[in-house]
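Number of protein chains: 2
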Amino acid sequence: MRRPTIVDIAKAAGVSKGAVSCALNGRPGVSEATRARILGIAAELGWAPSSAARALSDGRAGAIGLVIDRPALILGVETFFMRFIAGIQEELGDGPTALMLQSVEDTAAELTTYKRWYAERRVDGVLMVDLRRDDPRVRALRETGLPAVVVGGPDHTQGLPCVWADDAGAMRAAVDHLAALGHRRIGHIAGPEDLVHTAERTESLRAVAREHGLEVPRVVHTDYTGEGGAEAARRLLGERPRPTALIFDNDLMAVAGLGATQELGLSVPADVSIVAWDDSPLCESVRPGLTAVRRDLPEHGRLAASLLLEAVAGAPPRHVSTSPPALVARASTAAGPAGPVSSRA
Amino acid sequence: MRRPTIVDIAKAAGVSKGAVSCALNGRPGVSEATRARILGIAAELGWAPSSAARALSDGRAGAIGLVIDRPALILGVETFFMRFIAGIQEELGDGPTALMLQSVEDTAAELTTYKRWYAERRVDGVLMVDLRRDDPRVRALRETGLPAVVVGGPDHTQGLPCVWADDAGAMRAAVDHLAALGHRRIGHIAGPEDLVHTAERTESLRAVAREHGLEVPRVVHTDYTGEGGAEAARRLLGERPRPTALIFDNDLMAVAGLGATQELGLSVPADVSIVAWDDSPLCESVRPGLTAVRRDLPEHGRLAASLLLEAVAGAPPRHVSTSPPALVARASTAAGPAGPVSSRA
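Taken in sequence, the protein lines are chains A and B.
For what it's worth, UniProt numbering labels the leading residue of the first sequence as 1, then goes sequentially.
For what it's worth, UniProt numbering labels the leading residue of the second sequence as 1, then goes sequentially.
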């Protein structure tokens with residue numbers, strides 16, 4: 001399987017290189033019969049135009065880019081990214097567009113990567129994750145001509161197309177569930193404070209707790225690591241009175257928080273209920289199984305890639321919301337110390 | 001940040017497009033002073049040659065490829081791939097080579113992807129994972145001129161460069177640990193049977209068990225999913241006499257197997273000891289914490305990418321082994337029913 005060249009096609013067809021070139025490029029200079037024969041032989045030999053040659057002729061790089069700004073250790077554990085990427089791959093299928101992936105250390109490096117990819121025509125567009133308030137990346141991407149789709153939003157994307165999940169509604173489902181079980185003191189072990197979706201979850205938590213007449217929830221921000229989640233859990237459970245329910249912003253922190261809670265001699269769910277975010281096989285695998293907010297993460301990837309291909313083709317920006325998140329109840333949540341609301345009626 | 005062109009540079013420098021082209025391409029036709037000024041302005045504007053133009057001139061695609069043949073669900077949970085990819089990214093840094101990623105459904109689709117990437121000059125080489133015995137991908141890659149590095153080996157790569165871990169030695173460390181604790185009946189919940197590294201682990205398990213005079217270990221092959229791991233654990237623990245120690249081939253199966261063991265009313269480690277493979281934050285986060293085989297997975301990625309860049313540059317193939325795996329002992333392993341070997345002396 002040596003890479004076939006125009007010379008190979010010319011040899012196999014018994015014609016000149018020039019004739020092959022005319023046939024492949026749809027230029028006059030060969031008869032229709034010869035053109036058909038040459039195209040047939042090219043296909044048989046597995047010939048394809050080089051992506052570089054094609055990029056120069058149609059201006060397309062044939063790739064979209066994803067830059068991830070997370071430490072390597074977290075990348076390897078959080079299930080979000082690989083499921084998101086799996087969705088992107090599903091949308092791209094075996095079509096002409098590939099995924100270019102880069103992990104970086106900070107926002108400056110992310111911006112540099114966008115700029116370099118753009119200058120080198122290495123990608124036709126990018127997917128941007130981890131949206132922040134007043135995000136400098138949104139401004140930078142809008143100022144370029146590089147098509148971009150933001151995962152998150154839709155209020156902070158300054159008009160860029162975006163794919164977003166109803167984080168506020170998902171938090172409402174989690175708090176409704178805990179309130180119905182009689183919990184009145186909820187702790188939220190949240191992601192980094194500057195992420196838009198973290199703020200949306202926290203604001204929703206406070207609003208829904210007020211509606212239910214619960215105590216003001218305690219919120220601790222973390223770096224999404226298991227260690228950070230366990231430490232935040234120990235801190236909240238050390239307060240008096242302690243929360244009777246904890247909501248964790250990713251699955252790894254929830255699993256680590258479950259371990260930390262048990263190490264404090266507290267039983268889950270008898271003493272403390274636990275809700276995880278982004279249900280995953282992990283949430284099913286630990287004991288007790290973790291009640292979790294479930295989103296269709298591959299759907300996020302599929303929709304984001306699809307919107308980006310639209311944007312590359314010049315379509316006007318769209319804001320698309322994903323399927324509504326759902327709460328999956330498992331054994332880690334049960335009646336709070338005062339019992340469920342119904343039993344107190 | 002519009003993409004700067006040669007026209008922009010010409011305007012800013014007050015010279016012709018032709019002069020800019022001479023300066024950027026190192027051709028005569030402009031004075032050294034003008035060349036220096038033009039290059040300075042080009043750098044200031046953030047100009048870079050398009051990757052397509054560069055690929056046509058030096059024949060390099062500026063990307064290496066990785067095809068992963070796993071269901072989306074597993075990709076999202078197994079920590080191996082993202083940590084491996086993080087290592088690749090570390091080696092590539094912000095250099096001229098990017099990573100192209102594709103997930104596929106089967107080996108045929110993987111071979112098709114290699115062929116297409118090669119024909120389109122989309123990548124300069126590929127990293128191949130999940131090495132099998134008599135792997136058709138090794139033959140196909142050797143027959144092409146596409147540089148490739150295999151992760152795994154070194155006895156099954158037919159001369160292709162490879163990066164491999166000492167799976168046999170790691171299994172020896174795990175079995176020595178369990179034998180010293182007095183375990184005599186070990187079950188192995190293994191990955192897919194046709195993977196070379198699965199076979200190496202299983203063969204090593206049998207050999208070391210013989211050396212220690214243990215019973216013949218029971219081996220069950222799975223698909224690496226948590227569900228598969230839990231089911232295999234239930235099956236082995238349902239046998240009489242049941243194994244007193246289980247070795248799982250990935251972290252997710254070990255966590256699920258821990259849950260399944262506890263659901264059977266068995267205590268870990270009092271009734272059953274558990275060893276996980278590829279230590280991860282998960283193994284630390286569950287209770288009891290899981291004793292695990294630890295490898296430096298980012299190192300795998302770094303070495304594999306480094307060898308591939310060598311191969312692309314035309315260096316002769318090398319076989320490189322990674323740092324020796326180590327066993328990290330945690331609370332999930334303890335003395336077997338007969339007590340540790342030393343206490344029976």
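Even glycine gets a Cβ: it sits at the ideal position worked out from N, Cα and C.
Being a predicted model, the structure only gives us computed values, none of them experimental.
Query	Result
In chain B, what lies closer than 7 Å to serine 103 of chain A by C-beta?	Ala86 and Gln89
Near alanine 230 of chain B, which residues of its chain fall below 7 Å by C-beta distance, leaving aside the five closest residues on each side in sequence?	Ala256, Gly257, Gly259 and Ala260
Which partner residues of histidine 188 of chain A appear in the DSSP bridge assignment?	A:Val219 and A:Ile247
Please list, in chain order, the residues of the region 243-256 of chain A that have any C-beta partner in chain B closer than 7 Å.	Leu252, Val255 and Ala256
For leucine 266 of chain B, name the three-state secondary structure that DSSP assigns.	coil
Pull up the distance between the alpha-carbon of alanine 292 of chain B and that of leucine 282 of chain B, whole angstroms please.	11 Å
Residues in its own chain within less than 8 Å of threonine 5 of chain B by CB, not counting five upstream and five downstream?	Trp47
Rounded to the nearest angstrom, what separates leucine 101 of chain B and glutamate 32 of chain B at their Cα positions?	43 Å
Note down, one range per segment and in chain order, each beta strand (DSSP E) of at least 3 residues found wholly within the region 63-145 of chain B.	63-69, 98-104 and 125-128
Please confirm whether cysteine 162 of chain B and leucine 309 of chain B have their CB atoms less than 9 Å apart.	no
Go through its chain and collect everything with a Cβ distance to alanine 63 of chain A's Cβ below 6 Å, but skip five positions before and after it.	Ala98, Met100 and Val123
Helix, strand or coil for leucine 252 of chain A? Go by DSSP, reduced to three states.	helix
Which term fits leucine 236 of chain A, buried or exposed, when burial requires 16 or more other beta carbons within 10 angstroms of its beta carbon?	buried
What are the boundary residues of the beta strand (DSSP E) that histidine 319 of chain B is part of?	319-321
Short check: CB of threonine 107 of chain A to CB of arginine 137 of chain A, under 9 Å?	yes
If you check the beta carbons only, do leucine 297 of chain B and aspartate 271 of chain B fall under 9 Å apart?	no
With H, G and I counted as helix, E and B as strand and the rest as coil, what does DSSP make of alanine 232 of chain A?	helix
For tryptophan 117 of chain A, I'd like the list of residues in its chain whose CB is within less than 6 Å of its CB, leaving aside the five on either flank, ordered along the chain.	Gly65 and Val123
Please state whether DSSP places threonine 5 of chain A in a helix, a strand or coil.	coil
Give the straight-line distance between the Cα atoms of valine 328 of chain B and arginine 294 of chain B, rounded to the nearest whole angstrom.	7 Å
For leucine 252 of chain B, count the other beta carbons within 10 Å of its own beta carbon; 16 or more makes it buried, fewer makes it exposed. Which is it?	buried
Tell me whether serine 285 of chain A sits in a helix, a strand or coil according to DSSP, three-state version.	helix
Can a CB atom of chain B be found closer than 9 Å to the CB of methionine 1 of chain A?	Caution is warranted here: a pLDDT of 49 is assigned to methionine 1 of chain A, below 50, making its placement in the model unreliable, and the coordinate value is therefore given only provisionally. Closer than 9 Å: yes.
Would you identify the three-state DSSP class for arginine 294 of chain A, choosing helix, strand or coil?	strand
Grouping DSSP H, G and I as helix and E and B as strand, with all else coil, what is cysteine 22 of chain A?	helix
So leucine 288 of chain B packs on serine 332 of chain B, CB below 8 Å; how close in whole Å?	A small correction: the amino acid at residue 288 of chain B is proline; leucine does not occupy that position in the sequence shown. Yes, proline 288 of chain B and serine 332 of chain B are in contact; Cβ-Cβ is about 5 Å, under 8 Å.
Under 9 Å, do alanine 207 of chain B and proline 340 of chain B count as touching if we go by C-beta distance?	no
Kindly list the residues whose CB is nearer than 8 Å to the CB of leucine 169 of chain A, restricted to its own chain and excluding five residues on each side of it in sequence; keep chain order.	The question names leucine, but residue 169 of chain A in the sequence shown is glycine. Around glycine 169 of chain A: Ser204, Pro324 and Pro325.
Considering just the uninterrupted stretch of the alpha helix (DSSP H) at valine 196 of chain A, what are its terminal residues?	196-212
Please go through the same chain and pick out, in chain order, the residues whose beta-carbon is closer than 8 Å to the beta-carbon of arginine 330 of chain A, but skip the five residues on each side of it.	Cys283, Glu284, Pro288, Gly289, Leu290, Thr291 and Ala292
Mind listing the chain A neighbours of valine 286 of chain B? Cutoff is C-beta to C-beta under 7 Å, in chain order.	Val255, Gly259 and Val286
Compare the C-beta of proline 281 of chain A with all C-beta atoms of chain B and state if any pair is closer than 9 Å.	yes
With a CB to CB cut of under 8 Å and the five nearest residues on each side skipped, what residues in its chain are close to valine 7 of chain A?	Lys17
Where does arginine 344 of chain A fall in DSSP's three states?	Residue placement at arginine 344 of chain A is flagged as unreliable, the pLDDT there being 43, under the threshold of 50; the coordinate-derived value follows with that caveat. Note: arginine 344 of chain A maps to helix in three-state DSSP.
Return helix, strand or coil for valine 175 of chain B, following the three-state DSSP convention.	helix
Give the interface partners of leucine 99 of chain B over in chain A, defined as CB-CB distance under 8 Å, in chain order.	Met100, Leu101 and Gln102
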